[in-house]
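Residue numbering for the sequence shown follows full-length UniProt numbering, starting at 1 and increasing by one per position. All C-beta atoms in this analysis are idealised placements derived from N, C-alpha and C, irrespective of residue type, glycine included. Computed from a prediction, not measured in an experiment: that's the story for all the values here. Below is one structure, written out as structure tokens, with a few remarks after it.
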Amino acid sequence: MTKPTSGDFTKTAGWLDWFEGPSKPRFQVPAGSVDAHCHVFGPGAEFPYAPERKYTPCDASKQQLYALRDHLGFARNVVVQATCHGADNRAMVDALVHSKGKARGVATVRRSISDEDLQSLHEAGVRGVRFNFVKRLVDFTPKDELMEIAARIQKLGWHVVIYFEAVDLPDLWDFFTALPTTVVVDHMGRPDVSKPVDGPEFELFLKFMRQHPNVWSKVSCPERLSVAGPKALNGEQAAYQDVVPFARKVVEEFPDRVLWGTDWPHPNLKDHMPDDGLLVDFIPHIATTAELQKKLLVDNPMRLYWPEEN
Numbered sequence: 001m002t003k004p005t006s007g008d009f010t011k012t013a014g015w016l017d018w019f020e021g022p023s024k025p026r027f028q029v030p031a032g033s034v035d036a037h038c039h040v041f042g043p044g045a046e047f048p049y050a051p052e053r054k055y056t057p058c059d060a061s062k063q064q065l066y067a068l069r070d071h072l073g074f075a076r077n078v079v080v081q082a083t084c085h086g087a088d089n090r091a092m093v094d095a096l097v098h099s100k101g102k103a104r105g106v107a108t109v110r111r112s113i114s115d116e117d118l119q120s121l122h123e124a125g126v127r128g129v130r131f132n133f134v135k136r137l138v139d140f141t142p143k144d145e146l147m148e149i150a151a152r153i154q155k156l157g158w159h160v161v162i163y164f165e166a167v168d169l170p171d172l173w174d175f176f177t178a179l180p181t182t183v184v185v186d187h188m189g190r191p192d193v194s195k196p197v198d199g200p201e202f203e204l205f206l207k208f209m210r211q212h213p214n215v216w217s218k219v220s221c222p223e224r225l226s227v228a229g230p231k232a233l234n235g236e237q238a239a240y241q242d243v244v245p246f247a248r249k250v251v252e253e254f255p256d257r258v259l260w261g262t263d264w265p266h267p268n269l270k271d272h273m274p275d276d277g278l279l280v281d282f283i284p285h286i287a288t289t290a291e292l293q294k295k296l297l298v299d300n301p302m303r304l305y306w307p308e309e310n
């Protein structure tokens, strides 16, 4: 069944909708686990998609997100502003406000935002801003504007989430290393997993983390990075094996600076839509001990997003 997009919106041609009826994970996540990277889309009739968007998704509501959270065994979510909503954070904030304290957010903001609006976002549960450097998803924002935003959100104790592709790290290095906050990299900087894990491209990313202790990484989205699979479908318990060495390397070298998330509802996937239950079963392949699993899923996201509870 394809899921509609409500309001005056038509889904992007060929759009893959999120997986209906995900399996129950065999891997039981530790108590208090956080899905530290997920999104809401609209619904478009209530929260319109941005005019400047590069894609129009199916609707994916807060109710559906939180039902998935409970089904998978997670306690909390970090809801990241989706690019299809631009800098209109209302859908994300609405999800936070209705989470009963179980969600924090990452916003997209413009230079023009007022201090009052930043404070309102903070009170709703926002704890970071996202800077997107993936050219096919967003138009370029001048780096001086981003640096100005970073300086302002630093005062609130927020962090910066950066989304980029591995080949662009050399050009972005100076900007990233000048950011004054904790910096969280989405999806390990999207490494090319057909290249060696000990090759120069991924080694540069590891050097980036080694030299800058304020840099964290999400070890999420194997379904985006995998070239050889197998896919997280049909009960597969060893999905995305080509991604495992990369993610395991980051988890084991930087156990106190890693996060994991489902990336539900998986925007812009072209090849297949994973079963989210089987995505959870990917976790013990990359965090192989109970201690590493607790750091990845509980301790680290709680320290970053709910520091007042530590």
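- Secondary structure at residue 167: helix, using DSSP grouped into helix, strand and coil.
- The C-beta separation of residue 259 from residue 218 comes to about 5 Å, placing the pair in contact by the 8 Å criterion.
- A Cβ-Cβ separation of about 7 Å places residue 277 in contact with residue 72 under the 8 Å criterion.
- For residue 305, the closest of 173, 291 and 160 by C-alpha to C-alpha distance is 160.
- Sequence-distant Cβ neighbours of residue 143 in its own chain, meaning closer than 8 Å and more than five residues away, are 175.
- In its chain, beyond the 5 residues on either side, no residue has a beta carbon closer than 8 Å to the beta carbon of residue 13.
- Fewer than three pairs of CB atoms, one per stretch, sit closer than 8 Å, so the region 279-292 makes no contact with the region 200-207.
- The Cβ neighbour count for residue 285, taken over all protein chains shown within 10 Å, is at least 16; the residue is labelled buried.
- Linking residue 59 to residue 35 through their CA atoms gives a straight-line distance of about 20 Å.
- For the pair of segments examined, the region 66-81 was found to touch the region 30-49: the number of CB pairs separated by less than 8 Å reaches three.
- Cβ neighbours of residue 50 within its own chain (closer than 7 Å, five residues either side excluded): 84, 85, 86 and 88.
- Taking the C-beta atoms as reference points, residue 263 is found nearer than 9 Å to residue 224.
- When the Cα atoms are used, residue 113 and residue 53 turn out to be separated by approximately 19 Å.
- Note on geometry: alpha-carbon atoms of residue 46 and residue 9 lie some 12 Å from one another.
- Secondary structure note for residue 62: its alpha helix (DSSP H) is the uninterrupted segment 62-72.
- Here residue 117 is exposed, its C-beta having fewer than 16 other C-beta atoms within 10 Å.
- Per DSSP, residue 249 is one residue of the alpha helix (DSSP H) stretching across 244-253.
- Residue 187 holds the alpha-carbon nearest to the alpha-carbon of residue 215 among 199, 187, 229 and 239.
- Listed in chain order, the non-local C-beta contacts of residue 98 below 7 Å within the same chain comprise 62, local neighbours out to five positions each way being set aside.
- Secondary structure at residue 110: coil, using DSSP grouped into helix, strand and coil.
- In this structure, the straight-line span from the alpha carbon of residue 191 to that of residue 213 is close to 20 Å.
- In this structure, the CA atom of residue 238 is about 25 Å from the CA atom of residue 67.
- Across the structure, residue 39 and residue 70 are spaced so that their CA atoms are roughly 16 Å apart.
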